[in-house]
Every structure is written in structure tokens, then in C-alpha cells.
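Here the sequence shown stands for residues 2 to 257, numbered as in this note's numbering.
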Amino acid sequence: MPNLAHVQALHKRYKPQSEIAKLGDVSSFLLKESLNPDRLEKAFLTISNRLGPEFETYFDMGSDADVALLFIDICSFSTRYAQLSSEDLSTFLDAYYERLIPIIYEHGGEIDRIMGDGIIAIFGPPFLKPTTSNAIIKALACSLKTIVLTTNTKFFSKIALHAGKIRYYRNKSTQYPEYTIIGKPVTELYRLESISCDNSITYYSGSLVDQSIEHLIEIGKLPVYNHRNWICTGSQPIISSLKGVDFNHIKHIQHL
Numbered sequence: 002m003p004n005l006a007h008v009q010a011l012h013k014r015y016k017p018q019s020e021i022a023k024l025g026d027v028s029s030f031l032l033k034e035s036l037n038p039d040r041l042e043k044a045f046l047t048i049s050n051r052l053g054p055e056f057e058t059y060f061d062m063g064s065d066a067d068v069a070l071l072f073i074d075i076c077s078f079s080t081r082y083a084q085l086s087s088e089d090l091s092t093f094l095d096a097y098y099e100r101l102i103p104i105i106y107e108h109g110g111e112i113d114r115i116m117g118d119g120i121i122a123i124f125g126p127p128f129l130k131p132t133t134s135n136a137i138i139k140a141l142a143c144s145l146k147t148i149v150l151t152t153n154t155k156f157f158s159k160i161a162l163h164a165g166k167i168r169y170y171r172n173k174s175t176q177y178p179e180y181t182i183i184g185k186p187v188t189e190l191y192r193l194e195s196i197s198c199d200n201s202i203t204y205y206s207g208s209l210v211d212q213s214i215e216h217l218i219e220i221g222k223l224p225v226y227n228h229r230n231w232i233c234t235g236s237q238p239i240i241s242s243l244k245g246v247d248f249n250h251i252k253h254i255q256h257l
């Protein structure tokens with residue numbers, strides 16, 4: 002979970018009817034309480050309480066959350082747009098966010114982090130209350146739509162899709178309203194992004210994501226957006242081992 006004030010700003014822009022958007026000015030509220038550590042801690046608890054018991058469970062109590070995670074980024078961004086001025090780069094990325102963030106919200110996802118052209122999104126509690134398999138389906142549907150709507154545009158993208166148990170952690174020594182997602186699936190997601198393929202959704206063979214996709218294919222319910230042609234590749238070995246990752250094969254869903 003990213004900076005709460007940033008999340009609220011995104012909701013006000015792209016999801017104005019959400020509870021987070023209507024919460025009141027998170028940034029001003031925390032700034033007002035930031036000079037007193039005890040009051041600041043109570044302020045965080047107040048925010049979680051206002052959002053509801055699900056948020057208290059995961060933000061304040063640190064319960065494990067079963068989530069699906071996406072790491073979306075523009076293919077070869079740093080090489081293709083290295084010559085852009087700062088102003089042009091900002092304009093480009095703003096247009097990219099305008100296209101991508103509504104798709105994530107449409108499928109029930111939440112923005113965890115934005116790093117230039119890279120966006121990490123979470124599907125699962127406390128923002129969604131589905132089972133892990135349903136969270137994966139929502140993340141997959143979001144991925145398929147993203148690939149379709151960015152292919153053959155300047156924003157053509159690649160996506161790493163993973164799932165597992167994470168926790169939301171806040172460093173209590175700071176006054177920033179930021180919750181970091183921690184857990185092995187986060188490390189595995191970053192490693193997966195480093196080997197993901199253009200115009201494709203990449204996931205680990207044998208993972209929860211793989212099991213869910215195999216089941217969807219078996220029952221004929223793969224959420225193929227816009228009835229485009231897609232191909233699910235067979236298991237392929239990871240050429241160079243990935244540090245901190247137990248998986249050694251990957252699969253892709255490719256847009257033809």
C-alpha cells in the first residue's frame with residue numbers, strides 16, 4: 002500500500018465515489034498531528050477506523066492478506082524515450098496514467114506504487130474481499146484489457162502477474178502515511194518483471210496464478226477481453242536463476 006495521501010488523490014481524480022475519496026483530507030489531517038508522536042499514531046488508527054474493520058485488520062493488526070499483484074510497465078521505455086525533455090516526459094507519463102489507472106480501478110485493483118512508467122497494483126483485501134482465485138481472475142482481466150488497449154500504441158506494455166500472502170507494514174518512526182507491502186511474493190514479482198515479455202502477461206509455472214489460469218482454460222472461462230486472439234505458451238525455463246525465487250519456469254499469455 003502506498004502513501005495514503007497519494008492514494009486519496011488518485012481516488013479523487015479517478016474514483017471520486019469511493020470511501021477513500023470521501024474520507025476527508027488525509028494529508029492535512031496527518032500533518033496537523035505530526036508534531037506529537039502519540040497523536041500521530043492515533044491519527045493513523047482513526048483513518049483505518051473510518052475506512053472500516055477490514056482496513057483495521059490488515060493495516061493496524063498486520064494480518065496476512067492473500068492478494069494478486071501486477072507489475073505493469075511500458076516496453077523498452079528508457080531506451081525509446083531517453084531523448085524526451087522533462088516536460089515532454091511528464092506529459093507522456095500523465096497520458097499513460099490517464100489510460101491505465103482507470104482500467105485498474107475498473108477491475109477492483111488499487112495502486113500500490115508508481116515508479117515512472119512502472120505501476121504496481123494490488124487485487125485483494127482490504128480493498129477487495131474475494132478469494133485468492135477471484136482476485137487472480139480480476140487481475141488477469143485487468144491485464145488482458147491493458148494489453149489490448151496499449152498494443153500498437155506508444156504505450157505498449159508488458160505485465161508480470163503473481164499472487165500470494167503479503168502484509169502491509171508502516172514504519173512507525175516516520176510521519177508519512179505510507180504502508181509498504183512486504184513478503185516473498187513481492188520479491189518474486191520484481192524478479193518476474195525483469196524477465197517479462199512485450200505485449201504479454203508473464204507468470205510463474207506452478208504458481209497460484211498458473212493453477213488459476215489452467216482451471217479457467219479447462220472450464221472455458223478465460224476472461225478474454227474483446228474476443229481478441231490470445232495464446233498461452235507452454236512452460237519455459239528461466240535461463241538465469243532469479244535470486245530469492247524458488248520457481249524455475251515461466252509462462253506467457255501473448256496477444257497475437
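In this text, a Cβ means the ideal position worked out from N, Cα and C, and glycines have one as well.
Values in this document were obtained by computation on a predicted structure and should not be read as measured data.
Cβ shell of residue i (< 7 Å), same chain only, five flanking positions each side left out
| i | result |
| --- | --- |
| Thr234 | Lys252, His253, Gln255 |
| Ile232 | Gln255, Leu257 |
Residues near residue i in its chain [Cβ-Cβ closer than 8 Å; skip 5 each side]
| i | result |
| --- | --- |
| Val187 | Leu70, Ile167 |
| Leu85 | Phe93 |
| Cys198 | Lys159, His253, Gln255 |
| Leu36 | With a pLDDT of only 49 at Leu36, under the threshold of 50, the placement of this residue in the model should not be trusted; the figure read from the coordinates follows. Nothing listed; no residue qualifies. |
Nearest-angstrom Cα separation, counted from residue j out to residue i
| i | j | result |
| --- | --- | --- |
| Gly207 | Asn153 | 31 Å |
| Thr92 | Ala10 | 18 Å |
| Ser241 | Tyr204 | 16 Å |
| Leu5 | Phe128 | 13 Å |
| Thr58 | Lys16 | 23 Å |
| Val8 | Ala161 | 22 Å |
| Gly63 | Leu52 | 16 Å |
| Arg14 | Glu88 | 21 Å |
| Pro103 | Pro54 | 26 Å |
| Thr181 | Lys244 | 21 Å |
| Tyr170 | Pro131 | 22 Å |
| Ile183 | Glu215 | 27 Å |
| Glu99 | Phe248 | 34 Å |
| Glu179 | Leu24 | 16 Å |
| Pro126 | Leu101 | 21 Å |
| Met116 | Thr80 | 16 Å |
| Asn200 | Phe56 | 34 Å |
| Tyr82 | Leu90 | 8 Å |
| Glu111 | Ser236 | 29 Å |
Residue i vs residue j beta-carbon contact at 8 Å
| i | j | result |
| --- | --- | --- |
| Ile105 | Arg114 | no |
| Leu94 | Asp61 | no |
| Ser144 | Ile202 | yes |
| Asp65 | Thr133 | no |
| Ile137 | Val225 | no |
| Ala142 | His108 | yes |
| Phe124 | Lys146 | no |
Cut-off 6 Å between Cβ atoms - residues of its own chain near residue i, not counting five sequence neighbours on either side
| i | result |
| --- | --- |
| Leu223 | Leu217 |
| Gly165 | Pro186 |
| Glu189 | His163, Val246 |
| His12 | Ser19, Ile21, Ala22 |
| Ser213 | Ser134, Ile137 |
| Pro238 | His250 |
| Thr151 | Phe157, Ser158 |
| Tyr97 | Phe156 |
DSSP beta-bridge partners of residue i
| i | result |
| --- | --- |
| Tyr205 | Ile251 |
| Leu162 | Leu71 |
| His12 | Answer is none; His12 lacks a bridge partner. |
| Ala142 | DSSP output for Ala142 lists no bridge partner at all. |
| Cys198 | Answer is none; Cys198 lacks a bridge partner. |
| Gly119 | Met116 |
| Pro238 | His250 |
| Glu111 | Ile123 |
| Thr181 | Tyr170 |
| Ile232 | Gln255 |
| Ala66 | Ile167 |
### Stretch pair the segment 71-80 + the segment 147-159: three plus CB contacts closer than 8 Å
yes
### Query
Are the segment 179-197 and the segment 54-72 touching by the rule of at least three beta carbon pairs closer than 8 Å?
yes
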